[in-house]
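Keeping their order, the protein sequence lines are chains A and B. Numbered per the numbering used here, the first sequence spans residues 37 to 343. Numbered per the numbering used here, the second sequence spans residues 2 to 265. Single-structure report; data block below.
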Amino acid sequence: MQDLLRRYGTGLTGAFVLLTAFWLLVLIVLPNFYLLENSFRPYLPRVDMGGPLDTYSFDNYAKILTGSSPTEVFGLTVTLPVHVKSFLLTVGYSAFVTVLSFALAYPLAYYLAKIVQPKSLPTLFLLLFVPLWVSEVLRSFAWFIILSLKGPLNFSLLGLGIIEAPIRWIAGYRSIIIGLVYTYVLFMLFPIYNAIQSLDTNQIEAAEDLGSPWWRTHWRVILPHAKPGIASGAVMVFMLSAGSLLVPVLLGSTESNWFTQVIQQWMFEAADWNTGSAYAFILLVLCTVFVSLVMRVFRVKLSDIAK
Amino acid sequence: MHKTRNYLFHLYMALFLFYLLAPLVVMGGAAFNDSRFPSILPWRGFTTQWFTELAADGRMWVAFRNTVLVAVAVVVLAVPIGTAAAILINSITGRVRTVLYGVMVAPILAPGAVIGISTLLFWNQFSVPAGLHLSVFGQVSYIAAFVMLLVLARLQSFDVALEEAALDLGAGHGMVLRRILLPHLYPAIGAGAAIAFFQSIENFNVTLFTRGNADTLTVYVFSKVRTGITPTINALALIMITVTLAGAVLYELRRRRLERIYGE
């Protein structure tokens, strides 16, 4: 701080501090404070706001426990509140999307970092970056076309004689999973690639020379080295999936209900911003818990993830 | 042994690229298919009808204008904020730095819906109605973090002695910033501005909750897909893809040329 004052004087340092304070307070901390504050207040008509009915309570949070829907889990029928079920399914499927993205991305990251000719890397990366330049809404829309009942996928499969009747792809949660993996798999690929790339190839060769089978080389040498990259990719994919609204709305079926959709329903259909903020806060807590969990399990710092 | 393995890897790479790119080809190709439902199969003949219909859609043009305005506003706010925050945090150490850094980076990881709703509620407290101005604030709250990270990385290679020398030689504080620090940061600031612009154009979650009744292109496409799709959306998609890809290829070519000139 002293150093800044000496180099840039009071005026400029003051400007830096003000800009940063505006960002941190007005754009980040205070909005989140009001989100929390509003989530404890009841949804009232404008005239009753600030009146005797306007008291703090956990009522909005309790709403998540209302209504029940029987669900089958591994053959057992469990009765869960509708929104709890939607929350758990969102967490579960987001985790599944994360694992699937890792399975798809890891071999590719290894290939890009250690096998491919370095001179073809820029072209490959240019091609890999193409989908990232296309907005998420268009990528979901592309899959909406592909997966629709009369879409190109069913048409080709029928034409090739692989299936006899068109498949309803947009059913349950599977179309959401397909869409999420497509949209976010690259967020897993690039961090893992960066991590593996920094591994000295001599270490892999040494392991091979000493007679290690390929799977053990990966398990004992490459995977441990790629850990920060995997943590970073897992956090990105999980958060983006759990927080995604576009993909579940565009590719969801009548049977699916992502947690962000529930929030959106409270905000727009019920126009109940207080309950909406309570649900939004629950989502925020989920994300915070997930990030801290990953940071602990993989023993990485926030600055490693945010790269 | 390695040979078969490498063939498998090449094959996998090719399949993966097909998986990534084929959906975009399907989407783009459908813009020319003379069929009410957007699809490339079955092919019912070539038409440019959808482009004409798109150009006649007034709502699309308004959404386009809004998108550009919001993106420019986001760049104008996020670049100075991110740069200032990076300079500030670079001169702080210890616990304060960890906490500040955490607060700055957190919005990148927070779900867009949460950012959107909290922005909406905060400004509603002061009777500021929803609208694109709130979308700008919501977007800046996390996009400034990208700028901050880029500038912070660039600051690591900055030699403070240059500033000391300038000060010793009698330069004012403004001149030190303008003539010494900023020129060193320009590549990071430029990249930050480009990222901010594209992030803003792509943004959906924050915008949806803060926009009021105004449309941006992503919201426009979204509502079109939900209410009744026609291949006009494909026409729009194809144009957007072409423009951004042309930009990306030009950027890459320029980078390669510079590399050839300065690389050796």
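Built from N, CA and C at the ideal position, the CB exists for glycine as well.
Check: Thinking C-alpha only, which one of V170(A), L48(A), W294(A), T134(A) is nearest V244(B)?
Finding: By 1-based counting over the second sequence, the position of residue 244(B) is 243. Selected option, being the one with the closest Cα: V170(A).
Checklist line | Residues near F317(A) in its chain [Cβ-Cβ closer than 7 Å; skip 5 each side] | finding: Here the question's residue 317(A) lines up with position 281 in the first sequence. Correct list, in chain order: L71, L72, S75.
Note to self: My output table needs one value for P188(A): the three-state DSSP class, helix, strand or coil.
What the structure shows: Residue 188(A) sits at position 152 when you count from the first residue of the first sequence. Reduced to three states, the DSSP call for P188(A) is helix.
Check: Taking the C-alpha atoms as reference points, what is the distance between I258(A) and L246(A)?
Finding: Locating residue 258(A) in the first sequence gives position 222, counting from the first residue. Locating residue 246(A) in the first sequence gives position 210, counting from the first residue. Whole-angstrom Cα-Cα distance: 15 Å.
Notebook entry, point to check: Does the distance from the C-beta atom of V133(A) to that of Y220(A) stay below 9 Å?
Noted result: Looking up residue 133(A) in the first sequence gives position 97. Looking up residue 220(A) in the first sequence gives position 184. In this structure, Y220(A) lies closer than 9 Å to V133(A) by Cβ.
Margin query: For the region 231 to 242 of chain B against the region 166 to 183 of chain A, do three or more pairs of beta-carbon atoms, one drawn from each stretch, fall closer than 8 Å, so that the two count as touching?
Written below: yes
Item checked: Alpha carbon of A314(A) to alpha carbon of Q233(A), nearest angstrom -> Within the first sequence, residue 314(A) is the residue found at index 278, counting from 1. Within the first sequence, residue 233(A) is the residue found at index 197, counting from 1. The straight-line gap from Cα to Cα measures roughly 43 Å.
Item checked: Proximal residues to G288(A) (C-beta, below 6 Å), its chain only, five neighbours per side dropped -> For the purposes of this step, residue 288(A) is taken as residue 252 along the first sequence, with counting starting at 1. Closer than 6 Å at the Cβ level, and outside the excluded window around G288(A), lie I212.
Margin query: Measuring alpha carbon to alpha carbon, tell me which residue in M331(A), F326(A), S156(A) is nearest P112(B).
Written below: As a first step, residue 112(B) must be located in the second sequence, where it is residue number 111. Of the listed residues, the one whose Cα sits closest to P112(B) is F326(A).
Item checked: Cutoff 7 Å; reference A145(A); Cβ partners in own chain excluding five residues on either side -> Sequence index remark: in the first sequence, residue 145(A) carries index 109 (1-based). Contacts found: L225, I228, Y229, I232.
Check: Is the CB of D286(A) under 9 Å away from at least one CB in chain B?
Finding: Translated into the one-based positions of the first sequence, residue 286(A) becomes position 250. Here residue 286(A) is Leu; the residue named in the question, Asp, does not match the sequence. For L286(A), the answer is yes, since a Cβ of chain B falls inside 9 Å of its Cβ.
Notebook entry, point to check: Secondary structure at T115(A), three-state DSSP: helix, strand or coil?
Noted result: Position 79 of the first sequence, counted from the start, is the residue given in the question as residue 115(A). T115(A) falls in the strand class under three-state DSSP.
Next item on the list: Check the Cβ of G175(B) against every Cβ in chain A and list those closer than 9 Å, keeping chain order.
Entry: Taking the first residue of the second sequence as position 1, residue 175(B) is located at position 174. Under the 9 Å cutoff, chain A gives Y44, G45, G47, L48.
Next item on the list: Run through the region 98 to 152 of chain B for me and flag every whole alpha helix (DSSP H) of 4 or more residues, listed as ranges in chain order.
Entry: 113 to 126
Next item on the list: Below 8 Å between beta carbons is the criterion; list the residues of the region 52 to 80 of chain B that meet it against any residue of chain A, in chain order.
Entry: none
Next item on the list: Kindly identify the DSSP beta-bridge partner or partners of F165(A).
Entry: Start at 1 with the first residue of the first sequence, and residue 165(A) comes out as number 129. Answer by DSSP bridge pairing: none, since F165(A) is not bridged.
Notebook entry, point to check: Which residues in the same chain as E265(B) place their Cβ atom closer than 8 Å to its Cβ, once the five residues preceding and following it in sequence are excluded?
Noted result: For the purposes of this step, residue 265(B) is taken as residue 264 along the second sequence, with counting starting at 1. Any reading at E265(B) must be qualified, since the residue scores a pLDDT of 45, below 50, and its modelled position is unreliable; the value itself is stated next. Nothing listed; no residue qualifies.
Next item on the list: Return the Cβ separation of L78(B) and V141(B) in integer angstroms, given the expectation that the two are a contact with Cβ distance under 8 Å.
Entry: Along the second sequence, read from residue 1 onward, the residue named residue 78(B) stands at position 77. Along the second sequence, read from residue 1 onward, the residue named residue 141(B) stands at position 140. That belief holds up - the Cβ atoms of L78(B) and V141(B) are roughly 5 Å apart, short of 8 Å.
Item checked: Simplified DSSP state of F47(B), which is helix, strand or coil -> Your numbering for residue 47(B) matches position 46 in the second sequence. In the structure shown, F47(B) sits in a strand (DSSP, three-state: E or B).
Notebook entry, point to check: Does Y20(B) come within less than 9 Å of chain A when only Cβ atoms are used?
Noted result: Within the second sequence, residue 20(B) is the residue found at index 19, counting from 1. Yes, Y20(B) lies at the interface with chain A (some Cβ there is under 9 Å from its Cβ).
Next item on the list: Using a threshold of 9 Å, state whether the C-beta atoms of P358(A) and Y13(B) are closer than that.
Entry: Because chain A spans 37 through 343 in this model, residue 358(A) falls outside it and cannot be assessed.
Notebook entry, point to check: Using DSSP with H/G/I as helix, E/B as strand and the rest coil, what is N34(B)?
Noted result: Taking the second sequence and counting its residues from 1, the one referred to as residue 34(B) is at position 33. Three-state result, N34(B): strand.
Item checked: Three-state secondary structure (DSSP) of I234(B) -> Along the second sequence, one-based indexing puts residue 234(B) at 233. Note: I234(B) maps to helix in three-state DSSP.
Next item on the list: Spatial neighbours of L121(B) within its chain, please: CB distance less than 7 Å, with the 5 preceding and 5 following residues excluded, ordered by chain position.
Entry: In the second sequence, counting from the first residue as 1, residue 121(B) sits at position 120. These residues qualify, in order along the chain: A131, L135, F210, T211.
Item checked: Beta carbon proximity, E265(B) to chain A, threshold 9 Å -> For this step, residue 265(B) is matched to residue 264 along the second sequence. Here the model assigns E265(B) a pLDDT of 45, short of 50, so the residue's position is not dependable, and the following value carries that caveat. Cβ-Cβ to chain A under 9 Å: no for E265(B).
Note to self: Quick check on L217(A): does DSSP put it in helix, strand or coil?
What the structure shows: Residue 217(A) sits at position 181 when you count from the first residue of the first sequence. Before going on, a small fix: residue 217(A) reads as Val here, not Leu. Helix, per DSSP.
Next item on the list: Assign P284(A) to one of three DSSP states: helix, strand, or coil.
Entry: On the first sequence, position 248 is the one that residue 284(A) refers to. Correct three-state label for P284(A): helix.
Check: Using a C-beta cutoff of 9 Å, does W255(A) count as contacting chain B?
Finding: Position 219 of the first sequence, counting from 1, holds the residue named residue 255(A). It does not; no Cβ of chain B falls within 9 Å.
Check: What's the call for G312(A), buried or exposed, on a 16-neighbour Cβ count within 10 Å?
Finding: Your numbering for residue 312(A) matches position 276 in the first sequence. Classification for G312(A): buried.
Check: Mapping DSSP to helix, strand and coil, what is L322(A)?
Finding: Indexing the first sequence from 1 puts residue 322(A) at position 286. Here L322(A) sits in helix by DSSP.
Checklist line | For V137(B) and A197(B), the rounded distance between their alpha carbons | finding: Your numbering for residue 197(B) matches position 196 in the second sequence. Your numbering for residue 137(B) matches position 136 in the second sequence. Rounded to the nearest angstrom, the two C-alpha atoms are 11 Å apart.
Item checked: Members of the region 138 to 155 of chain A near chain B, C-beta cut-off 7 Å -> P143, L144, Y147, I151
Notebook entry, point to check: Taking one C-beta from the region 83 to 101 of chain B and one from the region 271 to 289 of chain A each time, how about it: are there three or more such pairs within less than 8 Å?
Noted result: no
Notebook entry, point to check: By the criterion of Cβ-Cβ separation under 8 Å, what are the contact partners of A114(B) in chain A?
Noted result: As a working note, residue 114(B) is residue 113 in the second sequence. Per Cβ cutoff of 8 Å: G279, L281, T296, I299, Q300, A316, L319.
Notebook entry, point to check: At a CB-CB cut-off below 7 Å, which residues of chain A make contact with S119(B)?
Noted result: One-based indexing of the second sequence puts residue 119(B) at position 118. The contacting residues are P67, N68, Y70, L71.
Notebook entry, point to check: Which term fits D35(B), buried or exposed, when burial requires 16 or more other beta carbons within 10 angstroms of its beta carbon?
Noted result: Sequence index remark: in the second sequence, residue 35(B) carries index 34 (1-based). D35(B) should be labelled exposed.
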